[in-house]
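Okay, so here's the structure we're looking at.
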Amino acid sequence: MVDLIKKNAKSLQESLFSSVGSAALTIATSYLVINFFRGMLGFALTSDKDWLAVLNNMQLYMVQAYPEEDFIRVWLSVGLTFVLAGLSIGIWRSDDRVKSSKVFNSFFKGGLGVLFFTIIAPTNSSFMGNDGSVITEEVFSMETRLGILIPVAIFCVIFFSIRFININFTVNSSDMVFFYLFIPVALLWFIKLPTIQLDQNNERIIPDPVMPIADTTKIPWTVIFVSFLASYFIGMYLKNIKSIKSIMSLSWFLLPLLIFSWIFKKPQIDMSVVLGSDLPIFGAFLLWGFLVITFVNNSIFKKYYSTYLGLTFLLTLVGVFSGLPMLAKTCLLLIALFSVVVPAVSTSSQGKRSLLIVWAVALVTLTFLLRGGASDTGIVVPGSSIFGGFSLTWLLAIFGTYVSFPLGVLLALGRNSKLPIIRIVCTGIIELTRSVPYITWLFFASVTLAVFLPAGVEFNLIVRVLMVTAFFSGAYFAENIRGGLQSIPKGQYEAADAIGMSPFQKISLIIMPQALRAVIPTLVSSAITAFKDSSLVTIIGLFDFLTIGKTVVGNQSIPVNFVGHDRENLIFVAIVYWIFTFTLSRRSMKVEKKLGLGER
Amino acid sequence: MKNALKTLSFFRNVVFLKWASQIVFLVGLLYIIWSYIQNAVINLEQTNIAFSWGWLGETPGVSIAEGMYTLPNSGRQMIQVGMLNMLRVTVTGIFAATFLGTFLGIARLSKNYIVEKTSTGLLEVVRNVPLLVQIFFFQAFVLTFPRLEVFDVGTYYLHVSAKGIAFPWLNRQPTAYLFWVYLLAIFILANKIYKWRVQILEREGRETRPFLWSVGIFFGLLVAGWYGGYRVMGVIGFLAGYISTGVDLLPAIFYQILFSSIAVFIGYRSTKKFIDSKKSEEAQGIYSDDDYFKIILNVIVVLLVVVLMFSSVGLGLSNFLVGDEIVFKADWGVPQFFDGVNNKLYWNPEAKIVLDAQLDGMKRADIIDWIAVPGTEVTKGDVIARATAKDLKGDLNQEISIYAKYTGVIEEVFVSQGDTIKINEKTYDIRVTDSKPLELSRPKIEQIGTTKFKRYADGFGKSLSVGYFAIWLGVVLYTAIFISEVVRAGIMAVSKGQSEAGLSLGLGRGALLRLIVLPQAIRVMLPPMGNQYLNLAKNTSLGIAVAYPEIVAVGQTLYNQEGQTLPVFLIWMAFYSTVSLTISTIINYYNRKMKIVER
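Quick note, the sequences are listed as chains B and C, same order. Each residue of the first sequence is one higher than the one before, counting from 1 in this note's numbering. Each residue of the second sequence is one higher than the one before, counting from 601 in this note's numbering.
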């Protein structure tokens, strides 16, 4: 025990006080840090801050104008995401085990942190009153301080001394996730805080009565947590099924489309349109694909396959600019790409069978999603769109990442192409898009884009912002992919040519897998940037998470007067953004380490 | 054997396919662009707002919160103010972010536990919160300062309030331009002396103290120049006068021919160089179709430039350069430029005097009589006119004197007896004969008229508004964090063996850093650093959220005013592209200088 203390003291002395300059730095930095935290805590705890403005408006923050009677859809979306997450964690369950000592260590460190803040919290804090005078009041009395200090100190001592008792067990790291998430869900049931209650005259009862927080939402959260846990077990059970991982990846790919076009939206499906135009189109393209697969090995068809391909592409080009329904255009594009792939895969009858299944499933999903996305929504909102608050932030981030990927790949391949005109055009597009700041493009979307659209075509502001965001993210991502493309040694290209691969085979089988593996961390960081940049739509007037924090809540006067309390909301918004971004970036660093990128 | 070689049909020839597909692609792309432009034309016709640039010359009728001209008299001036405001934040921000970022990057590598953990913590917080949220934070932070009305009117050394921050500043006098040119000249001279002394040191081996020499000469000349010697630079203005009269005689067609011949010359030189390179041993005179494409492209570009020059675009451009008013209300071209140089950089430069806050809350004054008429010499502080000052309502009649602001010879008087002069209106022209180039001024709080509002007085010290403070701090901190990552990566890229070798040679830590680690680290650091500078320049566009009038905000005001969204957007694109290109070019220049020179 004494040796432990001596060793720690020596290492502390070496790092903190190794020289005069170092000692001065330590003292100066500690002074700054302690005063900073004291100031922040004093700021947060003074009585002129109304943190209930944040708690009371959670619904506004999350979905803004979404009507309450359709809230089940919101919970369904969240629940579906968690179920899929649980399945994924179960299927991709790692075999890493976390040592119990590490867990206890992290609890100990957490306790130390709480102890630190309790000790340095100021007893008195002052603020500017309404008449300009400075009011000082006691925010953190000695009783509360001791009341927190003593239990936490005991907590820390327990976890510190567990080190000396030889309890040694390991827990699977995936299981730990559930343990860590169980704590807040359990706390939801037990913590009681002052909440805002209105009396008969719709006036706020002062002092705020103490009630369990999240009274209305704790049941849905508990249900979601239970289904999260259940899907984890199901995932573990399904782990060994052959193609489960590709099915899961496909489901993750389809999940946002499903949520934003069907669940969140409550589309009004006109059955006559479905039967009249969707089903015939679906049937026609299904037949077309079926014919291609069946006759692909026919000798006559094989001879004229390139002609068939050319005709299909021409038809696609013409069809995309004609007035065909959206479903037909997308199916045309799909059949063109599909026809390119078919000869390479359909050498055996088993391959053909699986190709047919894939084609049928793809068509069904496409029809389903497009019909949902193109229909009007049944949700009645006072504003112009059903998306607002946090849901809008996620919509912008996810859509930006989704579309930036194929667009970025195309632009990067074009920029590296040997054909001069295509290279010049792609370089021009990328450089022009990247040289202008994002906010300028948002202004373009909100005022100028309408001018370029054909007369009569009018898109919602959110749709226009999505279009411009996709373009912008695509150009940025193209630069990153270009880096990945350039990291592939030239020998790969030459080897592919030596075997006699066609350019399409070369790109899809050799180049792209290597390039994409190198740019996965960049894709994740690009997703994180899209999430952060979605906050900029505040400036053009869309009601996203930041707008609600900065302007809406601070200007509310009914039912409760929250005017002037915008600083607390800003802090809450910053904390939420921080939590998400930090978690994502930490996860991505861990994934990077696991993939072994950058190590040769 | 010959029968086995079937001649390919021409549409299977690789070269044909390559070019046919490219031309089809290009035609398709141009068609798409053309159809969208058609849409735009139709839509604009319907809304009665035609695409035009005329608004650049018209008075917008709005005022800008801060900048060079707070009451711009044309759209062009308004855009100039926006551009200058953006550049103010960008240039100062780049320097500040580099210093702060380097400091934070080195702190992250420190062995001191607390310093390292604090800088890492700061990095994690700043990096993961969106920039806009941070800017709003800083704005909220400044707005918590006490309001100005709590303090009395007075003069301070440093003042912080909810209206911003004010600190002392060196105000530019009319002779300041001369002084800056002088500074530049002696800086270049000092540089040359440094290099010369270093050359002698390396050649002969004796100690020539280059640093001492160059710094000594610089400061010596500086002191000598401050007391009037800098005015020798006035020869530039003197010459510019002659150049201006000469250039004025040039016809518009001169510039058209000039640019066309420059284009032809450059095209010819580059094509010749390319063809010569093909004659070398490597290429052996074999031209691939891409090479033909390059040559044809060169010729097409030259032809395009020539045609452009002799079309209406070229005519407009050369008229602009000659100085005739075509597009803009105020004529401004090459002769006017030299005229301006003549005025500002003359031995006795010209200054236009406007009436300012001397009137202390009065907005207008009626001239009773001019005491000093054109041609008289006045000293600073002399009374040159008497006027009756009126306040906002026009009631109070108070006789005031108007004082000369500088020492010199009065050239022209713009307002005559009996006229009313307003604030910011030009009153007289003076050829300044004696003044210091820069003058220290301390911030002063004044009260506007009889209303309750106080503000920082214009021209007394420099005040940073809340918007400037918020965007500057936000952008600098955010970029500094990313620069610290770059610096850390750069220093860690230098292999440990280098520092160990340096230490074993007996170098101290400072010399180790300066001579061994940093030169190698800078090579790695430069390209990503340049990227961060570009990000900084683009992030300043968020000033619109805190009401700082930089180019995006100014553009938005303009198109709300005039309805011309597309021209404003084109101006944005051109401006940001230019700024990005400039920063990239500067960074590339340093990059090339630092490249590893292989034997």
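Just so it is clear, CB atoms sit at the ideal spot from N, CA and C, and this is done for glycine as well.
Check: In this structure, what does DSSP give as the bridge partners for residue 1032 of chain C?; Outcome: C:1008
Check: For residue 1152 of chain C and residue 577 of chain B, which I take to be in contact (beta-carbon distance under 8 Å), what is that distance rounded to the nearest angstrom?; Outcome: About 23 Å separates the two Cβ atoms, so there is no contact after all.
Check: Report yes if the CB atom of residue 1215 of chain C is closer than 8 Å to the CB atom of residue 923 of chain C, and no otherwise.; Outcome: For residue 1215 of chain C there is no data in the structure shown, the boundaries of chain C being 601 and 1199.
Check: Please report the residue range of the alpha helix (DSSP H) in which residue 92 of chain B lies.; Outcome: That residue, residue 92 of chain B, is in no alpha helix (DSSP H); it is neither H nor E in DSSP.
Check: In angstroms with no decimal places, state the Cα-to-Cα distance between residue 534 of chain B and residue 833 of chain C.; Outcome: 53 Å
Check: State yes or no: is the C-beta of residue 550 of chain B within less than 8 Å of the C-beta of residue 570 of chain B?; Outcome: yes
Check: Distance cutoff 8 Å, beta carbons only. Does residue 674 of chain C sit that close to anything in chain B?; Outcome: no
Check: Say the cut is 7 Å; is the CB of residue 783 of chain C nearer than that to a heavy atom of the ligand GDP?; Outcome: The ligand GDP is absent from the structure shown, which contains no ligands of any kind.
Check: In the DSSP assignment, the alpha helix (DSSP H) including residue 12 of chain B goes from what residue to what residue?; Outcome: 2-16
Check: With a threshold of 8 Å between beta-carbons, can residue 523 of chain B be considered close to chain C, or not?; Outcome: no
Check: Ignore the nearest five residues each way along the sequence and tell me which others in residue 441 of chain B's own chain have a CB closer than 7 Å to its CB.; Outcome: 468, 472
Check: How would you list, in chain order, the residues of chain B whose beta-carbon sits under 7 Å from the beta-carbon of residue 714 of chain C?; Outcome: 16, 26, 29, 30
Check: List the residues that DSSP assigns as beta-bridge partners of residue 966 of chain C.; Outcome: C:988, C:1020
Check: By DSSP, does residue 278 of chain B sit in helix, in strand, or in coil?; Outcome: helix
Check: Which one or two residues does DSSP pair with residue 1190 of chain C in a beta bridge?; Outcome: Answer by DSSP bridge pairing: none, since residue 1190 of chain C is not bridged.
Check: So, for residue 1121 of chain C: in the same chain, excluding its five sequence neighbours on each side, which residues have a beta-carbon less than 7 Å away from its beta-carbon?; Outcome: 1090, 1091, 1093, 1094
Check: Terminal residues of the continuous beta strand (DSSP E) containing residue 448 of chain B?; Outcome: Here residue 448 of chain B belongs to no beta strand (DSSP E), and DSSP marks it neither H nor E.
Check: Which residues, taken in chain order from the segment 384-403 of chain B, show a beta carbon closer than 9 Å to some beta carbon of chain C?; Outcome: none
Check: What residues from chain C crowd round residue 440 of chain B, counting only those whose CB sits closer than 8 Å?; Outcome: 1141, 1152, 1169, 1172, 1173, 1176
Check: Would you list, in sequence order, the uninterrupted alpha helix (DSSP H) runs of no fewer than 4 residues that lie entirely inside the segment 339-413 of chain B?; Outcome: 349-374
Check: Please classify residue 625 of chain C: does DSSP put it in a helix, a strand, or coil?; Outcome: helix
Check: How about the segment 632-643 of chain C and the segment 445-456 of chain B: do they share at least three Cβ pairs that are nearer than 8 Å?; Outcome: yes
Check: Can you tell me whether residue 270 of chain B is helix, strand or coil according to DSSP?; Outcome: coil
Check: Please determine, among B:156, B:90, B:88, the residue with the shortest C-alpha to C-alpha distance to residue 114 of chain B.; Outcome: B:156
Check: Quick one: which chain B residues come within Cβ less than 9 Å of residue 625 of chain C?; Outcome: 419, 421, 422, 425
Check: Excluding the 5 residues preceding and the 5 following residue 1199 of chain C in the sequence, name in chain order all residues of the same chain whose CB lies nearer than 8 Å to its CB.; Outcome: Any reading at residue 1199 of chain C must be qualified, since the residue scores a pLDDT of 49, below 50, and its modelled position is unreliable; the value itself is stated next. Excluding positions up to five away in sequence, the list is empty.
Check: Please compile the residues from chain C whose C-beta is within a distance smaller than 9 Å of the C-beta of residue 316 of chain B.; Outcome: Per Cβ cutoff of 9 Å: no residues; residue 316 of chain B is ~13 Å from chain C at best.
Check: What does residue 613 of chain C reach in chain B if we use C-beta pairs closer than 9 Å?; Outcome: Per Cβ cutoff of 9 Å: no residues; residue 613 of chain C is ~15 Å from chain B at best.
Check: Distance, Cα to Cα, residue 861 of chain C vs residue 854 of chain C?; Outcome: 11 Å
Check: Name the DSSP beta bridge partners of residue 1038 of chain C, please?; Outcome: C:772
Check: Please decide whether residue 1186 of chain C counts as near chain B, where near means a Cβ-Cβ distance under 8 Å.; Outcome: no
Check: Is the CB of residue 891 of chain C under 8 Å away from at least one CB in chain B?; Outcome: no
Check: So, with DSSP's three-state summary, where would you put residue 806 of chain C?; Outcome: coil
Check: What does a CB cutoff of less than 7 Å around residue 408 of chain B pick up in its chain, not counting 5 residues either side in sequence?; Outcome: 474, 477, 478, 481
Check: Grab the span of the alpha helix (DSSP H) containing residue 1003 of chain C for me, first residue to last.; Outcome: Element bounds for residue 1003 of chain C: not the alpha helix (DSSP H) but the beta strand (DSSP E), 998-1003.
Check: Could you check where the beta strand (DSSP E) with residue 1056 of chain C kicks off and where it finishes?; Outcome: 1054-1056
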